[in-house]
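Peer 1: Sharing a structure, written as structure tokens. Questions coming.
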Amino acid sequence: MSLNVSNLTVHHGAICAVNQVSLAVPTGTLAAIIGANGAGKTTLLRALSGLNKPTSGVVNWMGQTITAEKPEKLVRMGISHVSEGKSVIPELTVRENLELGAIWRKDGKEMKESLDQVVTIFPRLGERITQRSDTLSGGERQMLAIGRAIMSKPKLLLLDEPSLGLAPLVVEQIFQTIRDLTTQMRLTVVLVEQNAMGALKIADLGIVLNLGKVVAVDHAQVLIQDPAVRAAYLGY
Amino acid sequence: MQLLNTLLIGITAGSIYSLMAIAFVLVWRSTRVVNFAQAGMALLSTYFGYEAVSRLGSFWIALPVAMIGGALFAALVELVLMRLLVKHASSGPIAGVAPIIATLGLLGVIRSVISMIWGGQDLRIVAPISNNGFTINGSTLVFSPLKLLVLVVVVVLLILLSILFQKTNLGLALRASAHAPEIARLSGVRVDSVRTLGWALAGAAGAVAGLFQTVNGNGNFSPDSIDFSLLLVSGFIAAVIGGLDSLLGAVLGGLFLGISISFVLMYISSGLFFIAPFVILLIVLFVRPQGIIGVKAGRRA
Amino acid sequence: MHKSKKQSTHLPLFILGGIVLVILSGIVDELRVYQGATIAVYVIAISSIILLTGYSGQVSLGHGALMAVGAYAAAVLRAEFNVPIILCFIAAVLAAAVGGTLLGAAAARLSGPYLAGTTLALAIGLPSLANQFPILGGEQGLAFDVGFPPLALGEDFTQYKWYFWIAALAALISMWSVRNILNSAYGRSWRAGRGNEVAAQLAGINTARSKVLAFTISAGIAGLAGALLAMTIGTVSPSAFPLALSFSLLTGAVLSGISTLGGVIIGSVVLVAIPEIADVVAHRLGSSESVTTNLPGLIVSGLLILTVLFVPNGPVEQHRARKAKHEAAHNSTKK
Ligand SMILES: Nc1ncnc2c1ncn2[C@@H]1O[C@H](COP(=O)(O)OP(=O)(O)OP(=O)(O)O)[C@@H](O)[C@H]1O
Ligand SMILES: [Mg+2]
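First to last, the protein sequences are chains W, G and B.
Here my numbering is used: position 181 in the first sequence is 182, and no number is missing along the way.
Here my numbering is used: position 184 in the second sequence is 293, and no number is missing along the way.
Here my numbering is used: position 76 in the third sequence is 87, and no number is missing along the way.
Structure follows, in structure tokens:
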């Protein structure tokens, strides 16, 4: 098991957003976390990447306890988080946004290699490399956000609603890319999604969160068939 | 000839305001605080420079000494005062004004401590080269070798600063932390340290502004020197004109302010020296509230 | 019962306070009476800051300049036209209020650091204007003489006592007014606007106008304080209203608790006491002259920082919060 979470609880002031969550994601697995608005998905992900401090519980990554570590340290341990909304810096160019992802790796040559790799994955970014990133379309921004995360050479990729606000065709593309990345780079991925159908289709593992608690965990293909899940999250 | 003179004086004074404005912008970008103690820090750095001149005898050693001293002091302020402030005073009716009050308090502390150490009397730093105007075709300009030097040094510093910001990883980290601290952290930038660095750079920029303001005037300075109150106000106004968030804006704001004041003093009345910056600020705020380089958040941030 | 308490204006309380002060002024020595007058001036000036900053959420570093406006208005009327003293004080209030309205109109478009910087520029710029107009008397300034105490008060009624009576009466009147303004609909609209401007606008409050009004009232009160300060010094000059004065007032307000009018006496007493304390400390330590002269300034600024850091919302508020917390803990254990 590469990512192990046990009894994780996170509060926002008095609100308990994540309540005693336990889950395990094996190396090379794509896990989809689905759940209604306000279920605590974002909060869970932010606790994993160190942006939110958990109240209690333990997070373990590759045998090391990383609970309450700072995000800047976790990046160095191979954990990259693409946060909710288009996680790019509009004031910077596309190239600068990408370089930012590799900024902690002092080696200039490695940075160049990663940049080539990202441009191969997302040719659109290559064409727009010198543009300021606020001139990009929504889909391109999401590519850029994921691209920045890849620049950090992650082993664990945390993605928060990459489909948010994108046209169906673009969503499909992004999902396909995420699936391919997982397989090709042997990444472990935690994908948080409102688009439950799309996410479960590409995922290996499905996790359903409701009011801060895990209410179902199973193979994604099994969950898709589950009548209760279908009724609650897939809309049929 | 008079026109040229006025313009050149304005540009020289303006370039010093630009440095001060840059100090304001660097601090604003790193911690969202307008540092009213900036002039006090510049004054302290000038005293550091004075010590260096009187011990080592060279203005050219004093300049880096003042810059390093100013940078270290500013970094210390960020590490101690600003972090405590975030911890203790970020709620209740005081929250909005706490940083303003704290930096004003710091200004007072710096001034009092300087007076205790060096006394309240005027000290003097002699300019490294002559402040007698150039002579062209028999008529003497107010523009002098010293003013030219000030201009050249400021321009060189601005170029270095822009290389730092645009071409280096450190600059990228500084810009990313300013615009989106969370994304910067997720990319592995140690945003806390970068903030301290932003303050340190501001401290260094302020130090140069302080030294040059002194030698560009009559060379005298004291803890209560009005030159530094003026530097505070002018630097702030220049930064506001430039939009408070933009380094380029700070430079343009400084030049605009320097030239405008120079023209007001020359063509309207030299008695308006202290009130002119205020009036120019009011005009700018009413005519172009988003600054020269437009900022989206506006003045209500 | 609670409601009727809210609506009462506490007039008897203020009258009682006045009587106590009158009796006090008869017992203590001359120096204390003079300090009492200064405290009364600070009470007025600081309450103007509390109204503006604590309630309507606007910072002014220019109140020293507004005080100067009031003081000059009073002094010019007195010196040039020999206007009765009571009218001079009223003129001080009006002149500063006009200035405050102009500044407030500019300020309503600004917030936080922008406003602070703009008023700072004013504080540095305005006093120098005194040199531009001969009628204002340049660097030396103008004499401001309120005259001898009325004979009816007795032969040995001293000048300082007269100052004190005037200042204390003014302080009581302005505290009483400020208190009632803060408890009025205006006061509530300021607090609403300070909390959340958008929400206040949605609730139908014209936040811009309410902010300008706060500036007008605050400036008027500051103008009164300025004229009274000039009275205790005997003259009005640019150097009587330095930047340091604006900072001191802010310190006084923060020490008092930026949003607790009742605390204003704390800040005022501390401001007046600081030079004396500094003197004692400096002599104890046998320190040099440059230390002695600068110690008060250091203490004021140091206190400002320490208060913001450790008692950010003032001693009164802090005490109240601690008590509330204590009571909550007590109640929950009882359950
Ligand atoms: N910064 C915050 N302060 C206070 N409460 C918060 C904060 N962030 C989230 N919450 C609360 O925590 C709960 C979980 O929110 P969270 O954002 O994790 O949900 P989510 O599953 O990501 O929802 P969505 O699908 O809408 O993004 C919600 O009740 C939310 O209101
Ligand atoms: Mg979410």
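Using N, Cα and C, we set each Cβ at its ideal position, and we do this for glycine too.
What you are looking at is a predicted structure, and each value in this text was computed from that prediction instead of being measured.
1) Counting C-beta neighbours from all protein chains within 10 Å, is the total for G:Met110 16 or more, i.e. buried, or is it exposed?
2) Does the beta carbon of W:Leu46 come closer than 8 Å to any beta carbon on chain G?
3) If you draw a straight line from the C-alpha of G:Leu172 to the C-alpha of G:Ser343, how long is it?
4) Quick one, are the C-beta atoms of G:Phe252 and G:Ile370 less than 8 Å apart?
5) Can you give me the C-alpha to C-alpha distance between W:Glu97 and W:Trp105, rounded to a whole angstrom?
6) Examine chain G for any beta-carbon lying closer than 8 Å to the beta-carbon of W:Leu182, and answer yes or no.
7) Could you pull out every unbroken alpha helix (DSSP H) segment of at least 4 residues lying fully inside the segment 268 to 299 of chain G, listed in chain order?
8) The beta strand (DSSP E) with W:Asn8 in it runs from where to where?
9) So the candidates are W:Glu194, W:Leu165 and W:Thr56; which of them puts its Cα closest to the Cα of W:Thr68?
10) May I ask you to list, following chain order, the residues of the segment 86 to 115 of chain W that have a beta carbon less than 7 Å from some beta carbon of chain G?
11) Using a Cβ cut-off of 8 Å, pull out every chain G residue sitting near B:Thr129, in sequence order please.
12) To the nearest angstrom, how far is the alpha carbon of G:Asn241 from that of G:Val393?
13) Can you find a heavy atom of ligand 1 that lies under 7 Å from the Cβ of W:Ala18?
14) Decide if the segment 178 to 196 of chain G is in contact with the segment 358 to 370 of chain G; the criterion is three or more beta carbon pairs, one per stretch, under 8 Å apart.
15) Here's the rule I'm using: 16 or more other beta-carbon atoms within 10 Å means buried, otherwise exposed. How should G:Val317 be labelled?
16) Taking contact to mean at least 3 C-beta pairs separated by less than 8 Å, is the segment 62 to 69 of chain B in contact with the segment 261 to 275 of chain B?
17) Please compile the residues from chain G whose C-beta is within a distance smaller than 8 Å of the C-beta of W:Ser84.
18) Around the C-beta of G:Phe133, are 16 or more other C-beta atoms found within 10 angstroms, so that it is buried, or is it exposed?
19) Report yes or no: is there a C-beta of chain G within less than 8 Å of the C-beta of W:Glu73?
20) What does a CB cutoff of less than 8 Å around B:Ala366 pick up in its chain, not counting 5 residues either side in sequence?
21) Apart from the five residues just before and just after B:Phe25, which ones in its own chain have a Cβ nearer than 6 Å to its Cβ?
22) According to DSSP, W:Gly207 sits in a beta bridge with which residue or residues?
23) Using DSSP with H/G/I as helix, E/B as strand and the rest coil, what is G:Leu391?
24) Look at the alpha carbon of B:Thr130 and the alpha carbon of B:Gly73, and state the distance between them as a whole number of angstroms.
25) Assign G:Gln147 to buried or exposed, taking buried as 16 or more other Cβ atoms, counted over all protein chains shown, within 10 Å of its Cβ.
26) Counting only runs that start and end within the segment 115 to 191 of chain G, where is the alpha helix (DSSP H) found for 4 or more residues in a row?
27) Along chain G, which residues have their Cβ under 8 Å away from the Cβ of B:Pro286?
28) Given that a residue counts as buried once 16 or more other Cβ atoms are within 10 Å of its Cβ, and exposed if not, what is W:Asp161?
29) With a threshold of 8 Å between beta-carbons, can W:Arg77 be considered close to chain G, or not?
30) On the CB-based measure, 16 or more other CB atoms within 10 Å of its CB, does W:Trp299 come out buried or exposed?
31) When you compare the CB positions of W:Ala204 and W:Ala221, do they come within less than 8 Å of one another, or not?
32) Give the residues of chain B in contact with G:Met225, contact being defined as C-beta atoms less than 7 Å apart.
33) Just curious, the alpha helix (DSSP H) that W:Glu141 is in, first and last residue?
34) How long is the line joining the alpha carbons of W:Met152 and G:Glu291, rounded to whole angstroms?
35) Under 8 Å between C-beta atoms, does B:Phe175 make it to chain G?
36) So, does the CB of G:Ala359 fall closer than 8 Å to a CB anywhere in chain W?
Peer 2: This is what the structure holds:
1) Exposed: under 16 other Cβ atoms inside 10 Å.
2) No, its Cβ sits nowhere closer than 8 Å to a Cβ of chain G.
3) Taking the straight line joining both Cα atoms gives about 22 Å.
4) No, these two residues do not count as a Cβ contact at 8 Å.
5) In a straight line, the C-alpha of W:Glu97 is about 14 Å away from that of W:Trp105.
6) Chain G contact via Cβ: absent.
7) Those alpha helix (DSSP H) runs which fall completely within the segment 268 to 299 of chain G and span 4+ residues are 278 to 288 and 290 to 295.
8) Boundaries of the beta strand (DSSP E) around W:Asn8: Leu4 to His13.
9) The shortest C-alpha separation from W:Thr68 is found at W:Thr56.
10) Cβ contacts with chain G come from Ser88, Ile90, Glu92, Leu93, Glu97, Glu100, Leu101, Gly102, Ile104 and Trp105.
11) In chain order: Phe387, Leu390, Leu391 and Leu394.
12) If I take the Cα positions, the gap works out to 34 Å.
13) Because some heavy atom of ligand 1 lies under 7 Å away, the Cβ of W:Ala18 counts as near it: yes.
14) Too few Cβ pairs lie closer than 8 Å, so no.
15) Buried: at least 16 other Cβ atoms inside 10 Å.
16) Result yes; three or more Cβ-Cβ pairs closer than 8 Å.
17) Those within 8 Å of W:Ser84 in chain G are Glu291, Ile292 and Leu295.
18) G:Phe133 comes out buried.
19) Yes, contact with chain G.
20) Any answer about residue 366 of chain B is impossible in this case: the structure gives chain B only from 12 up to 346.
21) Cβ within range, chain order: Leu183 and Trp187.
22) For W:Gly207, which the question treats as bridged, DSSP gives the partners W:Ala33 and W:Asp219.
23) The three-state secondary structure of G:Leu391, taken from DSSP, is helix.
24) Near 5 Å, if we compare the C-alpha coordinates of B:Gly73 and B:Thr130.
25) G:Gln147 sits buried, since 16 or more C-beta atoms from the chains shown fall within 10 Å of its C-beta.
26) Counting only runs of 4 or more, we get 147 to 165 and 168 to 186.
27) Around B:Pro286, no beta-carbon contact reaches into chain G at under 8 Å, the shortest distance being about 13 Å.
28) Buried, since its Cβ has 16 or more Cβ neighbours within 10 Å.
29) Judged by the 8 Å Cβ criterion, W:Arg77 is in contact with chain G.
30) Residue 299 of chain W falls outside the range modelled here, since chain W spans only 2 to 237, and no answer is possible.
31) Using a Cβ distance threshold of 8 Å, W:Ala204 and W:Ala221 count as a contacting pair.
32) Going along chain B in sequence order, the residues near G:Met225 (Cβ under 7 Å) are Ser301, Val302 and Asn305.
33) Segment Gly139 to Met152, the alpha helix (DSSP H) holding W:Glu141.
34) In this structure, the straight-line span from the alpha carbon of W:Met152 to that of G:Glu291 is close to 17 Å.
35) So no, B:Phe175 is outside the interface.
36) No, G:Ala359 does not count as interfacial toward chain W.
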